[in-house]
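In my numbering, the protein residues as written are 212 to 498.
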Amino acid sequence: MPKVRRDAVNLVKYRGWSMRKVSLRYGVEPSTVSRWCKKDYCGGFRIILTESSAPKTHPNALSREIINKIIEKRVGRRRCGQVIHRELLREDVKVSLSSVHRTLDRLNLLKKKSPWKRPHDWTPRPEPAFAGALLEVDTVHIHAPDGSRIYVYTLIDLFSRWAYAEIGKNLLARSAAHFVLKAQEKAFFKFQMIQTDHGSEFSTRFSHILKSKDMNHRHSRVRQKDDQAHIERFNRTIQEECLDRTTHTIADFKKALKDYLPYYNNKRLHMGINYQTPLEVLQRCWG
C-alpha cells in the first residue's frame, strides 16, 4: 500500500492525471487521493507509510498537572516511584502506582540496570583466620605527565598484612592474573581466595586462570565499600609513602616499589596487627 500511494501521487503531480482518474485506477475515493497528495512532500518519489491507527489520546490518560507533579518530585528530590505515589495520595491526587512508573519510564526518569553488566556468582567470604585465606587485589590508576595512564596492581593478605605491588602495562584479565601468580611466587604461603572489585580486568577469564592454579576468586559485594577496605587503605598508603614521592614514570615507579615493598613487609609497624610487621606475624604463625 505505501508504494501504491507513492505511484498515485506521482500520477497526479507529474503526469497530470485528475484525482478522479487516479481513484478509478486504484479503486479508492478521490478524497483519499487528495489526502495522499497532502501527505507527500517529495513529489511522489518516496513511499507514503501507513500511519498508526492507535488513538492519539486515551480517556484514562493522566492530566498534564499530575504528570508535572510526578516530574517535580522525581527531579527535585530524586524520590522513587513508590514514594512519589504515596506523596501524591497524601495530596489527594488519585493515581495508581503503575501509572507513576509508566510516566517515569516514558520520560526516561527511571534508573534501569545496564544490559551490559555481567551477573557475578556470589561466593561466601571466608574468615582470614590464617595467611592466604583471603587476599584483596585492586588496581590504582595514576596519570603520567604526558597524559597517559600508569596502572599499579596491588595485593594484600588480610591476616598478615603482607602486600605486593607491581606496575602493569594494561588492564587485561591476563595481566591481572599474571600479577597474582607472580605475587604467589614472592609470598611464603599459599593463596586460597582472591577478592576483587567488579573491574573489567577481573572478569571470567581472570577467574579461570586462577582456578587452573588452585586459587578461588570472588567479587566484592556491590555498593559495599567496606569489602575492599584493606586494599583501599594500602593503595592510599603506597601512594602517600612511595609513589607520590617520585617522578610519575614507569621506570621510577618500578625502582621506588623495589625499595618500598621490603620496608612495608619487614620493617613498617602496622596498627591493625598490634604494631607488628607482616613478617613478624608470619614468623609467629610458622612457630
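Here a beta-carbon is modelled for each residue, glycine too, at the ideal position from N, C-alpha and C. Predicted model, so just to flag it, every value in this text is computed and none were measured.
Rounded C-alpha distance that separates residue i from residue j
| i | j | result |
| --- | --- | --- |
| V223 | L299 | 56 Å |
| F400 | C453 | 25 Å |
| L235 | N271 | 42 Å |
| I420 | N427 | 10 Å |
| D357 | F464 | 15 Å |
| V244 | E262 | 15 Å |
| A388 | F417 | 6 Å |
| S274 | S310 | 11 Å |
| R231 | A265 | 29 Å |
| H430 | A398 | 22 Å |
| V220 | C248 | 6 Å |
| K422 | N477 | 30 Å |
| A440 | N319 | 35 Å |
| L260 | R246 | 13 Å |
| R444 | G410 | 18 Å |
| S386 | L480 | 31 Å |
| I449 | R301 | 54 Å |
| T488 | M482 | 9 Å |
| T268 | R257 | 29 Å |
| I434 | V306 | Checking the displayed sequence, the identity of residue 434 turns out to be Arg instead of Ile. Spanning the two alpha carbons is a distance of roughly 33 Å. |
| K466 | R432 | 35 Å |
| P339 | E451 | 26 Å |
| N279 | D437 | 40 Å |
| E396 | I367 | 14 Å |
| P326 | R313 | 20 Å |
| R336 | L369 | 12 Å |
| D470 | V294 | 56 Å |
| R456 | L308 | 57 Å |
| V233 | P241 | 8 Å |
Expected contact under 8 Å - CB spacing of residue i and residue j to nearest Å
| i | j | result |
| --- | --- | --- |
| L520 | M404 | The chain is shown only over 212 to 498; residue 520 falls outside these bounds and no answer can be derived. |
| L315 | R285 | 6 Å |
| D349 | I442 | 4 Å |
| A384 | E412 | 6 Å |
| I282 | I378 | The Cβ separation is near 49 Å, so there is no contact. |
| Y486 | A374 | With a Cβ gap of about 17 Å, Y486 and A374 do not count as contacting. |
N-terminal and C-terminal residue of the alpha helix (DSSP H) that residue i is part of
| i | result |
| --- | --- |
| T458 | Neither: T458 is in no alpha helix (DSSP H) and is coded neither H nor E. |
| L357 | First, the amino acid is wrong: residue 357 is Asp here, not Leu. Taken as a continuous stretch (DSSP letters only), D357 belongs to no alpha helix (DSSP H), as it is neither H nor E. |
| H430 | No alpha helix (DSSP H) holds H430; the beta strand (DSSP E) holding it covers 427-430. |
| N319 | Counting along the chain, N319 falls outside any alpha helix (DSSP H), and DSSP gives it neither H nor E. |
| A219 | 213-224 |
| F341 | Premise fails: F341 is in no alpha helix (DSSP H) and is neither H nor E. |
| R495 | 489-497 |
| I484 | I484 -> no alpha helix (DSSP H), and no H or E assigned at all. |
| F417 | 415-423 |
Unbroken beta strand (DSSP E) run spanning residue i, endpoints
| i | result |
| --- | --- |
| V348 | 346-354 |
| Q406 | 404-407 |
| L235 | Careful: L235 lies outside any beta strand (DSSP E), inside the alpha helix (DSSP H) at 230-237. |
| E377 | 374-379 |
| R385 | From DSSP, R385 is part of no beta strand (DSSP E) but of the alpha helix (DSSP H) over 384-397. |
Environment of residue i [buried if 16+ CB atoms lie within 10 Å]
| i | result |
| --- | --- |
| A355 | exposed |
| G292 | buried |
| T497 | Here the sequence assigns Trp to residue 497, which means Thr is not the residue at that position. Its Cβ having fewer than 16 others within 10 Å, W497 is exposed. |
| Q406 | buried |
| G343 | buried |
| N446 | buried |
| D425 | exposed |
| H296 | buried |
| S371 | buried |
| Y362 | buried |
| K324 | exposed |
| T415 | exposed |
| Y225 | exposed |
| E165 | It is not possible to answer for residue 165, since the shown part of the chain is limited to 212 through 498. |
| R216 | buried |
Heavy atom of the ligand PLP within 7 Å of residue i beta-carbon
| i | result |
| --- | --- |
| L493 | With respect to the ligand PLP, the structure shown offers nothing to examine, as it has no ligands at all. |
Contained alpha helix (DSSP H) runs [length at least 4] in the segment 246-312, N- to C-terminal order: 275-288, 292-301
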